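Working notes for the structure below.
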Amino acid sequence: MDLSSINPLLLLASLMVAATPILLAATGELVVERAGVLNLGVEGMMISGSVLGFVAAISTGSPWLGFLVAALGGAGMALVFGILTQFFLSNQVATGLALTLFGLGLASLLGQGYLGVKAPPFPDWHIPLLSDIPVLGPIVFQHDPIVYLGLAIVAGVWWFLSKTRAGLVLRAVGENHEAAHGLGYHVVRTRLLAIMFGGACAGLGGAYLSIVRVPTYADGLTAGAGWIALAIVVFASWKPGRLLLGAYLFGGVTVLQLNLQAAGVAIPVEYLSMSPYIATILVLVIMSASGAPGSLGKTFHAAR
Amino acid sequence: MIALEKRPQPSQVWSLASPVVAVVLTMIAGAGLFAALGQDPVAALIKIFWEPVFGPYNFFYLPQLLIKGAPLVAIALGLSLGFKAGIWNIGAEGQYIIGALCGAGVGLAFYPMEARWLILPLMLVAGALGGFVWAMIPGLLRVKFNTNEILVSLMLVYVAEQLMASMALGLMKNPEGMGFPGSRNLSQYESASTWIDRSYGMHWGVVIALIAVCFAYILFSRHILGFQIKLAGQAPRAAAFSGVSPARLVLFCLGTSGALAGLAGLTEVAGPAGLVSIDFNVGYGFTAIIVAFLGRLHPVGILLAGTLMAITYIGGDVAQSSLGLPGAAIQVFQGMLLFFLLAVDVLTNYRVRIGQRSVA
Numbered sequence: 005m006d007l008s009s010i011n012p013l014l015l016l017a018s019l020m021v022a023a024t025p026i027l028l029a030a031t032g033e034l035v036v037e038r039a040g041v042l043n044l045g046v047e048g049m050m051i052s053g054s055v056l057g058f059v060a061a062i063s064t065g066s067p068w069l070g071f072l073v074a075a076l077g078g079a080g081m082a083l084v085f086g087i088l089t090q091f092f093l094s095n096q097v098a099t100g101l102a103l104t105l106f107g108l109g110l111a112s113l114l115g116q117g118y119l120g121v122k123a124p125p126f127p128d129w130h131i132p133l134l135s136d137i138p139v140l141g142p143i144v145f146q147h148d149p150i151v152y153l154g155l156a157i158v159a160g161v162w163w164f165l166s167k168t169r170a171g172l173v174l175r176a177v178g179e180n181h182e183a184a185h186g187l188g189y190h191v192v193r194t195r196l197l198a199i200m201f202g203g204a205c206a207g208l209g210g211a212y213l214s215i216v217r218v219p220t221y222a223d224g225l226t227a228g229a230g231w232i233a234l235a236i237v238v239f240a241s242w243k244p245g246r247l248l249l250g251a252y253l254f255g256g257v258t259v260l261q262l263n264l265q266a267a268g269v270a271i272p273v274e275y276l277s278m279s280p281y282i283a284t285i286l287v288l289v290i291m292s293a294s295g296a297p298g299s300l301g302k303t304f305h306a307a308r
Numbered sequence: 078m079i080a081l082e083k084r085p086q087p088s089q090v091w092s093l094a095s096p097v098v099a100v101v102l103t104m105i106a107g108a109g110l111f112a113a114l115g116q117d118p119v120a121a122l123i124k125i126f127w128e129p130v131f132g133p134y135n136f137f138y139l140p141q142l143l144i145k146g147a148p149l150v151a152i153a154l155g156l157s158l159g160f161k162a163g164i165w166n167i168g169a170e171g172q173y174i175i176g177a178l179c180g181a182g183v184g185l186a187f188y189p190m191e192a193r194w195l196i197l198p199l200m201l202v203a204g205a206l207g208g209f210v211w212a213m214i215p216g217l218l219r220v221k222f223n224t225n226e227i228l229v230s231l232m233l234v235y236v237a238e239q240l241m242a243s244m245a246l247g248l249m250k251n252p253e254g255m256g257f258p259g260s261r262n263l264s265q266y267e268s269a270s271t272w273i274d275r276s277y278g279m280h281w282g283v284v285i286a287l288i289a290v291c292f293a294y295i296l297f298s299r300h301i302l303g304f305q306i307k308l309a310g311q312a313p314r315a316a317a318f319s320g321v322s323p324a325r326l327v328l329f330c331l332g333t334s335g336a337l338a339g340l341a342g343l344t345e346v347a348g349p350a351g352l353v354s355i356d357f358n359v360g361y362g363f364t365a366i367i368v369a370f371l372g373r374l375h376p377v378g379i380l381l382a383g384t385l386m387a388i389t390y391i392g393g394d395v396a397q398s399s400l401g402l403p404g405a406a407i408q409v410f411q412g413m414l415l416f417f418l419l420a421v422d423v424l425t426n427y428r429v430r431i432g433q434r435s436v437a
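Chains A and B are the protein sequences, given in the same order. Residues 5 to 308, numbered by my numbering, are exactly what the first sequence covers, in order. Residues 78 to 437, numbered by my numbering, are exactly what the second sequence covers, in order.
This is the structure:
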């Protein structure tokens, strides 16, 4: 065992990378849940995004196109969920589970020709001047663009939810859909848009795993990242700022256990690999679900 | 203008018809999927649904029907209790693994002693207990801390998978296995094997699944607890006023489904699977969710749905070996089935009005 081989600077830098896929997926789900919809299909949309993005990136050679395709694919799958829950009034929990089961199957079907293929390179951005700051520069300002895109989306969601009229409408729909409907807001349209945004974010998060983080495709690549994203939304009490904290906390646990594995700590690898999931459970226990949107998970039917 | 109008009561006819309609729609969509994969869609459907049951080699596939159907039915029955009451245990896969590990652990501890009358019952108890305890974690956390049981039970699947890997590579590894991962073969150890008759695919898991169907049927048609479960799902406030304790229901539903999943895991590991290995679990715990819904959360329905799902598993294998259809295609097929079921189910609770708006 050699703990001194763990470089704290690299650890903090890779924490940001490890947190990004969960952050993206969780931000999308946060918007969906603020609109009053519980989509348990995050894992399915994420893994579909990971394979769609990967295939697109390989066949076009452009990681950017890969991310675009993954976002569109995630939104498309979310639309299926949206149509079922909003027009066919199906149970949201069951439909979300169906989306996850379907997505896992779809991913392993589409991905079978791509197992072990290497993703095209996706260079980091060295932000001029800022990346030259000692200590802080390498940790924060030398990442790939998607890391910053993730942060921008969180900031954008915060601004949208708390500062714009459309954000207020979305929150009203999520808190009390009957009242929002009574005021003349389009509950179903708002929710469909939120659901598709959530799907696009989950798709992006999945593609980040396969194109940048791993960077190859393997069956079951997401390994529960979508479910952890759902847990982080609860941890964040449905607030974007705390979401960032939660995602980085989990990124930290993941990176730390990987580093401990590499350093050869006397704890068996399997027990270290459990730690992110156990940490998730602990966090859920400590943060009992308070502040959930009032209409979360309830079916809306306008006719009397 | 097409509008939906809530029925005063769920339609009995559509409740029974919608699984059938969903299966037909899935077959049509599945045919499209197989065609897109470059297969003859009709041939693929025949391979999947006809060949295992009525084909010339059905003597080979029919035992598989029991082997694949038993865990699906047992787990889905347990899940249906909770689903009826709005308690979502989706970590049956984890409870299945832990049941298998506990039961196998007991069996391996006795090796090579021969006493089937003692060892097998002890293993069954250990398997049920293992699954029960694993399901009690989300249960107790929900009751004590109001923690979301969906997320906790699911996280525990990943923990269980890691625990199983650790066991297969460490504590339970076969000392005579020449370094390969995996435990001793329990199905070849007379006192621990759950086989009753291997040539018919008959093992204790099948017996347990059938007994569970009977018990669940009695529970829902004759027992007050079954009524309370239904009441808690359909009208939680009414249930609370009539003195149903939500905490007790949560623990009962999760505990029972955990114990059934654990038994399914144990009977699988000491029978058809034979040994604890790193990839022992094949997703029965997740497919059972589809089985529970397809079976309308009704014991007899679940028995039928479990049989159908077992056929798709076997048919998928047949199509894979004879047509080269990718194994994952069947997983997509099963996922689509649940989608179609949920879509068609709208007709159970709502009626479609076309044309003029209904007067309120």
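Just so you know, even glycine gets a beta-carbon here, dropped at the ideal spot from N, CA and C. Treat the numbers as computed from the prediction; the structure is a model and nothing was measured.
N- and C-terminal bounds of the beta strand (DSSP E) containing Glu267 of chain B: One-based indexing of the second sequence puts residue 267 of chain B at position 190. First-last for Glu267 of chain B: undefined, no H or E at that position.
Val429 of chain B - containing beta strand (DSSP E), residue span: Residue 429 of chain B sits at position 352 when you count from the first residue of the second sequence. Annotation for Val429 of chain B: the continuous beta strand (DSSP E) segment containing it runs 427-431.
Per-residue burial, Ser157 of chain B [other beta carbons within 10 Å of its own, 16 or more giving buried]: On the second sequence, position 80 is the one that residue 157 of chain B refers to. The C-beta of Ser157 of chain B has 16 or more other C-beta atoms within 10 Å across all chains shown, which makes the residue buried.
Buried versus exposed, by CB contacts within 10 Å (16 or more), Gly216 of chain B: Along the second sequence, one-based indexing puts residue 216 of chain B at 139. With a 10 Å radius around the Cβ and a threshold of 16 neighbouring Cβ atoms, Gly216 of chain B comes out buried.
Chain B contact for Ala316 of chain A (CB, 8 Å cutoff): Residue 316 of chain A falls outside the range modelled here, since chain A spans only 5 to 308, and no answer is possible.
Within-8 Å CB hit, Ala112 of chain B to chain A: Position 35 of the second sequence, counted from the start, is the residue given in the question as residue 112 of chain B. Taking Cβ atoms only, chain A never reaches closer than 8 Å to Ala112 of chain B, which makes this a no.
8 Å Cβ cutoff met for Ala102 of chain A and Leu343 of chain B: In the first sequence, counting from the first residue as 1, residue 102 of chain A sits at position 98. In the second sequence, counting from the first residue as 1, residue 343 of chain B sits at position 266. Contact: no.
Lys145 of chain B, buried or exposed, once every other Cβ within 10 Å from all chains shown has been counted against 16: For the purposes of this step, residue 145 of chain B is taken as residue 68 along the second sequence, with counting starting at 1. By the 10 Å Cβ count, Lys145 of chain B comes out buried.
Contacts that Leu240 of chain B makes with chain A (C-beta to C-beta distance below 8 Å): Position 163 of the second sequence, counted from the start, is the residue given in the question as residue 240 of chain B. Here the neighbours are Glu274, Met278.
Proximal residues, the region 216-238 of chain A versus chain B, C-beta separation under 9 Å: Listed by position, the residues of the region 216-238 of chain A near chain B (Cβ gap below 9 Å) are Asp223, Ala227, Gly228, Trp231, Ile232, Leu234, Ala235, Val238.
Other residues of its chain near Gly86 of chain A: CB distance less than 6 Å, five sequence neighbours each side excluded: Here residue 86 of chain A refers to the residue found at position 82 when the first sequence is read from its first residue. The residues are Leu196, Ile199.
Start-end ranges of the beta strand (DSSP E) lying completely within the region 304-375 of chain B, minimum 3 residues: The region 304-375 of chain B contains no whole beta strand (DSSP E) run of 3 or more residues.
Where the beta strand (DSSP E) containing Glu82 of chain B begins and where it ends: For the purposes of this step, residue 82 of chain B is identified with residue 5 of the second sequence, where counting begins at 1. Where Glu82 of chain B is concerned, the enclosing beta strand (DSSP E) starts and stops at 79-83.
Inter-residue spacing [alpha-carbon to alpha-carbon] between Ser270 of chain B and Ala227 of chain A: As a working mapping, residue 270 of chain B is identified with position 193 in the second sequence. As a working mapping, residue 227 of chain A is identified with position 223 in the first sequence. If you draw a straight line from the Cα of Ser270 of chain B to the Cα of Ala227 of chain A, it is about 33 Å long.
Cutoff 8 Å: Gln86 of chain B Cβ touching any chain A Cβ: The sequence position of residue 86 of chain B within the second sequence is 9, counting from 1. No, no contact with chain A.
Per-residue contacts from Gly207 of chain A into chain B (C-beta, under 9 Å): Here residue 207 of chain A refers to the residue found at position 203 of the first sequence. For Gly207 of chain A, no chain B residue has a C-beta closer than 9 Å to its own C-beta; the minimum C-beta separation is roughly 17 Å.
Separation of Ala289 of chain B from Leu380 of chain B, as counted between CA atoms: Stepping through the second sequence from its first residue, residue 380 of chain B is reached at position 303. Stepping through the second sequence from its first residue, residue 289 of chain B is reached at position 212. C-alpha separation (whole angstroms): 10 Å.
Short CB-CB distance (under 8 Å) between Leu108 of chain A and chain B: Residue 108 of chain A sits at position 104 when you count from the first residue of the first sequence. Closer than 8 Å: yes.
Residue from B:Gly282, B:Leu199, B:Arg299, B:Leu154 whose Cα sits closest to the Cα of Val377 of chain B: Taking the first residue of the second sequence as 1, we reach residue 377 of chain B at position 300. Distance check between Val377 of chain B and each of B:Gly282, B:Leu199, B:Arg299, B:Leu154 places B:Leu154 closest, using alpha-carbon atoms only.
Local Cβ density within 10 Å of Lys221 of chain B, reported as buried at 16 or more and exposed below that: In the second sequence, the residue the question calls residue 221 of chain B occupies position 144. The residue in question, Lys221 of chain B, is exposed, as its Cβ has fewer than 16 Cβ neighbours within 10 Å.
Contact with chain A by Pro403 of chain B, beta-carbon distance below 8 Å: As a first step, residue 403 of chain B is located in the second sequence; it is residue number 326 there, counting from the start. Pro403 of chain B belongs to the set of residues whose beta carbon lies under 8 Å from a beta carbon in chain A.
Counterpart residues of His280 of chain B in DSSP-defined beta bridges: As a position in the second sequence, residue 280 of chain B is number 203, starting the count at 1. Answer by DSSP bridge pairing, in chain order: B:Trp272.
Ala211 of chain A versus A:Thr31, A:Ala39, A:Ala60, A:Asn11, residue with shortest Cα-Cα distance: For the purposes of this step, residue 211 of chain A is taken as residue 207 along the first sequence, with counting starting at 1. Residue A:Ala60 is the option with its Cα nearest to Ala211 of chain A.
Chain D within 8 Å of Leu44 of chain A, Cβ atoms only: The displayed structure is made up of protein chains A and B, and chain D is not among them.
Beta carbon of Gly184 of chain B nearer than 8 Å to that of Ile196 of chain B: Start at 1 with the first residue of the second sequence, and residue 184 of chain B comes out as number 107. Start at 1 with the first residue of the second sequence, and residue 196 of chain B comes out as number 119. A Cβ-Cβ contact shorter than 8 Å links Gly184 of chain B with Ile196 of chain B.
8 Å Cβ cutoff met for Leu201 of chain B and Val353 of chain B: As a first step, residue 201 of chain B is located in the second sequence; it is residue number 124 there, counting from the start. As a first step, residue 353 of chain B is located in the second sequence; it is residue number 276 there, counting from the start. In this structure, the beta-carbon distance from Leu201 of chain B to Val353 of chain B does not fall below 8 Å.
C-beta atoms of Leu34 of chain A and Val237 of chain A nearer than 8 Å: Counted from its first residue, the first sequence places residue 34 of chain A at position 30. Counted from its first residue, the first sequence places residue 237 of chain A at position 233. Judged by their CB atoms, Leu34 of chain A and Val237 of chain A are nearer to each other than the 8 Å cut-off.
Bridge partner(s) assigned by DSSP for Leu381 of chain B: Walking along the second sequence from the start, residue 381 of chain B turns up at place 304. Secondary-structure assignment with DSSP links Leu381 of chain B through no beta bridge to anything.
Selection from A:Pro272, A:Ile26, A:Ala123, A:Thr89 that minimises the alpha carbon distance to Ser66 of chain A: Here the question's residue 66 of chain A lines up with position 62 in the first sequence. Of the candidates A:Pro272, A:Ile26, A:Ala123, A:Thr89, the one whose C-alpha sits nearest the C-alpha of Ser66 of chain A is A:Ala123.
CB contact below 8 Å: Leu287 of chain B versus chain A: Translated into the one-based positions of the second sequence, residue 287 of chain B becomes position 210. No - not a single Cβ of chain A is within 8 Å of the one on Leu287 of chain B.
Gly48 of chain A versus Thr389 of chain B: straight-line alpha-carbon distance, rounded: One-based indexing of the first sequence puts residue 48 of chain A at position 44. One-based indexing of the second sequence puts residue 389 of chain B at position 312. Straight-line Cα distance between these residues: approximately 21 Å.
Residues of its chain near Ala176 of chain A, where Cβ-Cβ distance is below 8 Å and the 5 sequence neighbours each way are ignored: The count along the first sequence starts at 1 and reaches residue 176 of chain A at position 172. Close CB contacts of Ala176 of chain A within its chain, under the 8 Å cut and outside five residues either way in sequence, are with Ala183, Ala184, Leu187, Tyr189 (chain order).
Contact list for Gln408 of chain B against chain A, beta-carbon separation under 9 Å: Counting from one through the second sequence, the residue named residue 408 of chain B turns up at place 331. Chain A residues near Gln408 of chain B: Leu105, Phe106, Leu108, Gly109, Leu110, Ser112, Leu113.
Through-space distance from Leu110 of chain B to Trp281 of chain B, alpha-carbon basis: Here residue 281 of chain B corresponds to residue number 204 of the second sequence, with the count starting at 1. Here residue 110 of chain B corresponds to residue number 33 of the second sequence, with the count starting at 1. Approximately 37 Å between the Cα atoms of the pair.
Close Cβ partners of Glu274 of chain A (< 7 Å) along its chain, the five nearest in sequence each way excluded: As a first step, residue 274 of chain A is located in the first sequence; it is residue number 270 there, counting from the start. For Glu274 of chain A, where only same-chain residues beyond five positions count, there are no Cβ hits under 7 Å.
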